[in-house]
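Protein sequences, first through last, are from chains V and D.
Going left to right, the first sequence walks through residues 1 to 218 as my numbering numbers them.
Going left to right, the second sequence walks through residues 219 to 407 as my numbering numbers them.
Here the structure comes first, spelled out in structure tokens, and everything after it is commentary.
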Amino acid sequence: MKTLCVSLLLAICSTAVSAQDVTARLAGRVPPDVATLVRQLATSAAARGLPVDPLIQKAIEGSAKGVPADRVATALRGLVAQLDVAAAALRDAGSAQPDTDAIAAGAFAVNAGLSGKNVTALAVASRPSNSVPATLRVASTLAAMGVPPAETVELVTNVIDAGGSSADVLALPTQVMAGVSEGRGRGVTPAQAAAGLSRAAAARANAPGQNKPKHGRP
Amino acid sequence: MTVNEFHPQVKQLLDGELTLTDLAPELRAEGEEALRLLGAVDREPVAFPGLDTRILAELRRRRATPGLWQRLRVGLRPWTLVPAFAAGIAVALLLFRPAPTPATTVTVRFVLFAPEAQQVALAGTFNQWDTAATPLIRTEAPGVWTATLTLPAGQHQYAFVVDGARWVADPAAPAVDDGFGRRNSVLSL
Numbered sequence: 001m002k003t004l005c006v007s008l009l010l011a012i013c014s015t016a017v018s019a020q021d022v023t024a025r026l027a028g029r030v031p032p033d034v035a036t037l038v039r040q041l042a043t044s045a046a047a048r049g050l051p052v053d054p055l056i057q058k059a060i061e062g063s064a065k066g067v068p069a070d071r072v073a074t075a076l077r078g079l080v081a082q083l084d085v086a087a088a089a090l091r092d093a094g095s096a097q098p099d100t101d102a103i104a105a106g107a108f109a110v111n112a113g114l115s116g117k118n119v120t121a122l123a124v125a126s127r128p129s130n131s132v133p134a135t136l137r138v139a140s141t142l143a144a145m146g147v148p149p150a151e152t153v154e155l156v157t158n159v160i161d162a163g164g165s166s167a168d169v170l171a172l173p174t175q176v177m178a179g180v181s182e183g184r185g186r187g188v189t190p191a192q193a194a195a196g197l198s199r200a201a202a203a204r205a206n207a208p209g210q211n212k213p214k215h216g217r218p
Numbered sequence: 219m220t221v222n223e224f225h226p227q228v229k230q231l232l233d234g235e236l237t238l239t240d241l242a243p244e245l246r247a248e249g250e251e252a253l254r255l256l257g258a259v260d261r262e263p264v265a266f267p268g269l270d271t272r273i274l275a276e277l278r279r280r281r282a283t284p285g286l287w288q289r290l291r292v293g294l295r296p297w298t299l300v301p302a303f304a305a306g307i308a309v310a311l312l313l314f315r316p317a318p319t320p321a322t323t324v325t326v327r328f329v330l331f332a333p334e335a336q337q338v339a340l341a342g343t344f345n346q347w348d349t350a351a352t353p354l355i356r357t358e359a360p361g362v363w364t365a366t367l368t369l370p371a372g373q374h375q376y377a378f379v380v381d382g383a384r385w386v387a388d389p390a391a392p393a394v395d396d397g398f399g400r401r402n403s404v405l406s407l
């Protein structure tokens with residue numbers, strides 16, 4: 001009982017601090033009605049373990065771009081939905097309480113076109129040697145470049161399976177861009193460039209002597 | 219061909235408002251050439267080879283130099299050390315608090331071809347979308363604007379702001395829906 005009370009008190013305090021922080025960061029940057037909505041959404045999001053920083057950033061972005069308040073509200077609600085999808089996907093990957101950085105990266109991946117299942121697969125492939133948020137950021141960049149979601153997941157997974165380090169994964173968008181640039185005369189697309197890299201990584205992973213990691217995919 | 223001779227639709231392509239497939243077939247070759255020229259502008263992260271080594275060497279050199287303490291030590295008596303010891307503890311407590319881990323940063327050059335623009339700025343997650351915080355500088359090459367920033371490693375979203383009003387995605391970077399019907403460029407470092 002005592003533990004429960006302490007936990008509740010801590011939760012209330014952290015929510016209060018979070019609300020103050022949100023108010024301070026939005027002061028003078030967004031209209032009052034948008035600030036009120038962000039505070040409400042942030043309080044609810046924080047209670048579910050979701051990050052509030054993306055909501056603050058999106059509200060400030062909308063205001064800077066002169067977007068009407070109702071449209072900012074729609075975008076904010078859409079972002080909360082993406083954060084929820086990402087959090088659920090990370091829980092499916094075996095993380096009981098996913099960290100907020102990973103959830104934010106997962107939400108951005110969803111915004112870039114990846115599904116919750118894609119996020120789960122990438123999170124599983126990342127562990128234990130690679131950073132989940134970094135892998136998700138790379139995947140979302142690849143998706144934003146035009147690499148289809150399934151090929152994005154395959155490429156990243158193959159590179160990690162082949163023993164690729166975090167630096168190798170981070171280099172993938174640059175390598176895809178280089179492949180497109182080199183093949184411009186032949187009309188090489190980002191998807192084709194990614195497929196070439198993926199095949200090469202799969203070949204390395206299956207080479208004799210290569211210990212293929214076991215991901216234990218759900 | 220000079221940059222000022224580009225067809226208006228090609229300029230829209232360079233501004234990220236159109237894609238190659240949106241161009242009329244007779245303009246595609248010109249569009250590809252314009253993109254090639256823009257792609258030739260150096261936008262690689264700027265590295266400073268050997269900088270870490272030079273800084274560490276300088277730190278080692280300074281540590282090796284006899285300090286004030288070593289020069290005063292000979293004339294000190296034990297009891298005079300008590301206040302010094304207390305002061306030392308205070309200084310140590312101030313100096314040896316756990317320091318925040320320094321974030322890895324990367325220096326990046328942003329480039330936009332906007333020959334009609336009077337001013338161009340960069341706004342994004344790294345400057346709280348402040349349209350006045352990061353102006354681009356007009357280069358000697360006609361119509362080419364540039365800014366060099368040192369950013370923390372991670373993912374950033376941004377857009378160029380032309381003449382304080384027009385938000386333009388970087389035509390040389392991947393982009394995602396911004397949730398407001400426009401596109402944000404994406405930079406992963």
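Beta carbons: idealized from backbone N, C-alpha and C, even for Gly.
As a quick exercise: from V:V138, V:S44, V:G116, V:S166, pick the residue whose alpha carbon is nearest that of V:V85. V:G116
Could you tell me how far apart the beta carbons of V:V159 and V:V169 are, in whole angstroms, since I believe they sit closer than 8 Å? 6 Å
8 Å is my cut-off, CB to CB: does D:T323 come that close to chain V? no
Cβ of V:G164 less than 8 Å from any chain D Cβ? no
Status (buried if at least 16 other CB within 10 Å, exposed otherwise) for V:N206: exposed
If you pair each beta-carbon of the region 189-198 of chain V with each one of the region 137-146 of chain V, do three or more pairs fall below 8 Å? yes
Confirm, please, whether the CB-CB distance from V:A93 to V:T74 is below 8 Å. no
Rounded C-alpha distance that separates V:L197 from V:S181: 14 Å
How would you call V:R48, buried or exposed, if buried means at least 16 neighbouring beta carbons within 10 angstroms? exposed
At a Cβ threshold of 8 Å, is V:Q57 touching chain D? yes
For the alpha helix (DSSP H) that V:S129 lies in, which residues bound it at each end? V:S129 -> no alpha helix (DSSP H), and no H or E assigned at all.
Residues near V:P98 by beta carbon distance below 7 Å, same chain, minus five either side: A87, L90, R91
So, is the C-beta of D:V338 closer than 8 Å to a C-beta in chain V? no
Considering just the uninterrupted stretch of the alpha helix (DSSP H) at V:Q57, what are its terminal residues? 53-64
Cα-Cα separation, D:V404 to D:Q373: 7 Å
In chain D, what lies closer than 7 Å to V:I60 by C-beta? Q346, W347
Could you say which of V:T135, V:E61, V:L26 lies nearest to V:A105 if we only look at CA atoms? V:T135
Have a look at the DSSP bridge pairing and note the partners of D:A350. None; D:A350 has no bridge partner.
Please identify the residue among V:L76, V:P173, V:V34, V:D161 whose C-alpha is closest to the C-alpha of V:L142. V:P173
For D:S403, write down the residues that DSSP places opposite it in a beta bridge. D:Y376, D:A393
Quick check on the burial criterion: 16 or more other C-beta atoms within 10 angstroms. Buried or exposed for D:E240? The sequence shown places Asp at residue 240 of chain D, not Glu. Looking at its Cβ environment, which holds fewer than 16 other Cβ atoms inside 10 Å, D:D240 is exposed.
Rank D:A383, D:A350, D:V338, D:W347 by C-alpha distance to the C-alpha of D:V362 and give the top, closest one. D:V338
Could you tell me whether any non-hydrogen atom of the ligand FAD is closer than 7 Å to the CB of V:T74? Absence of the ligand FAD is noted for the structure shown, with no ligands found whatsoever.
What residue range is occupied by the uninterrupted beta strand (DSSP E) comprising V:P31? Unbroken run through V:P31: none, as it is neither H nor E.
Return the residue from the list V:R25, V:A201, V:Q82, V:S95 that minimises the CA-CA distance to V:E227. What is shown of chain V runs 1 to 218, which leaves residue 227 of chain V out entirely.
Would you mind working out which of V:V52, V:A107, V:L37 sits nearest D:V394, comparing C-alpha positions? V:A107
Could you list which residues in chain V have their beta carbon closer than 7 Å to that of D:A341, in chain order? A64
Going by beta carbon distance, what residues of the same chain come within less than 7 Å of D:L294, once the five residues before and after it are set aside? Any answer about D:L294 is weak, because its pLDDT of 44 lies below 50 and its placement is not dependable; what the coordinates show is given next. So no residue of the chain qualifies.
Please report the straight-line C-alpha distance between V:R204 and V:S166, rounded to a whole angstrom. 17 Å
Any idea what DSSP makes of V:V85, helix, strand or coil? helix
Inspect the beta-carbon positions of V:L83 and V:I103 and report whether they are closer than 8 Å. yes
Please return the same chain residues whose Cβ sits closer than 7 Å to the Cβ of D:A332, not counting the five positions on each side in sequence. D233, V338, G361, W363, V380
Is D:T319 buried or exposed, if buried means 16 or more other CB atoms sit within 10 Å of its CB? For D:T319, the predicted structure reports a pLDDT of 45, less than 50, and the residue's modelled location is therefore unreliable. The matter cannot be settled from this model.
On the premise that V:L114 lies in contact with V:S131, defined as a C-beta separation below 8 Å, what is that separation, rounded to the nearest angstrom? The Cβ separation is near 17 Å, so there is no contact.
Using three-state DSSP, classify V:V147 as helix, strand or coil. coil
How long is the line joining the alpha carbons of V:R138 and D:E244, rounded to whole angstroms? Looking at the sequence provided, one finds Val at residue 138 of chain V rather than Arg. In a straight line, the C-alpha of V:V138 is about 36 Å away from that of D:E244.
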